[in-house]
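Below is one structure; the comments refer to it alone.
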Amino acid sequence: VTSNHDELAWRIGGPQGSGVDTAAGIFQRSCALGGLNVFGRREYYSNIMGRHSYFDVRVAHHPVHSHCDEVQVLTTFEDESLARHTTSVVEGGALFYSSKDAEVEVQAVTYLDTRAKDDLITYLEERGLPATLRGLLEDAQQRGVQTYEADFGQIVELLASHLEVAPALAARTMNTLAVAMSLALV
Numbered sequence: 001v002t003s004n005h006d007e008l009a010w011r012i013g014g015p016q017g018s019g020v021d022t023a024a025g026i027f028q029r030s031c032a033l034g035g036l037n038v039f040g041r042r043e044y045y046s047n048i049m050g051r052h053s054y055f056d057v058r059v060a061h062h063p064v065h066s067h068c069d070e071v072q073v074l075t076t077f078e079d080e081s082l083a084r085h086t087t088s089v090v091e092g093g094a095l096f097y098s099s100k101d102a103e104v105e106v107q108a109v110t111y112l113d114t115r116a117k118d119d120l121i122t123y124l125e126e127r128g129l130p131a132t133l134r135g136l137l138e139d140a141q142q143r144g145v146q147t148y149e150a151d152f153g154q155i156v157e158l159l160a161s162h163l164e165v166a167p168a169l170a171a172r173t174m175n176t177l178a179v180a181m182s183l184a185l186v
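Taking full-length UniProt numbering, I'd label the letters of the sequence shown as residues 1 to 186.
Next up, the structure:
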């Protein structure tokens, strides 16, 4: 819930083609069907498959006409989203992330530009935290953010095995899983 406690700002981030738009659409429709007013904003840095993109959704009982810079719930599909958006989550918020991303060093985040890496490393050093995404998660926890780790890779493997489908096909469910986890908090 935002600072006025009457609305929710939700953000999902991941690489182009990973289901960010699909997840946002599912989340928006779910909230609208639940009687909430919805405003969505698509943000992407590139149209290149695999590069970072994110989607903000603001929901409220009253009409909403713009996005909100405060993020209450963040769901990430990869390390770059975790690096770019973790500091945007406010006290009392929630953050969902993939377990494989937590131990990544900030310097190793592939598409994160040098300035963003340097800024994050300085931010973490000033707080006495390691220059890893785990350090960002520790900072979030210290700021009152609830963090939830999910092993998306294992979930996809189990689903592919159980349904006897290709892992790439099973991976398409990550967006639905992200929405389900987020809605569980609403």
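Note that beta-carbon positions come from the ideal geometry of N, C-alpha and C, so glycine has one too.
These numbers were taken from a predicted model, which means no experiment stands behind them.
Note to self: Quick check on DSSP: helix, strand or coil for E125?
What the structure shows: helix
Notebook entry, point to check: Where does H52 sit, in a helix, a strand or coil, going by DSSP?
Noted result: strand
Notebook entry, point to check: If we ignore side chains and look at the alpha-carbon of each, how far apart do R172 and V20 end up?
Noted result: 11 angstroms
Note to self: Any contact between the region 58-76 and the region 156-173? By contact I mean 3 or more CB pairs, one from each, below 8 angstroms.
What the structure shows: no
Next item on the list: Out of T87, G14 and L129, point me to the one whose CA is closest to Q146's CA.
Entry: T87
Notebook entry, point to check: Contact check, V106 vs A131 under 8 angstroms by CB: the rounded distance?
Noted result: 5 angstroms
Next item on the list: Ignore the nearest five residues each way along the sequence and tell me which others in A184's own chain have a CB closer than 8 angstroms to its CB.
Entry: none
Check: For D56, which residues of its own chain have a beta-carbon under 6 angstroms away from its beta-carbon, when the five flanking residues on both sides are left out?
Finding: R11, R41 and H67
Checklist line | Runs of beta strand (DSSP E) wholly within the region 101-152 (minimum 3 residues, chain order) | finding: 146-150
Notebook entry, point to check: Leaving out the 5 sequence neighbours to the left and right, which residues in its chain are closer than 7 angstroms to L159 when beta-carbon positions are compared?
Noted result: A170 and T173
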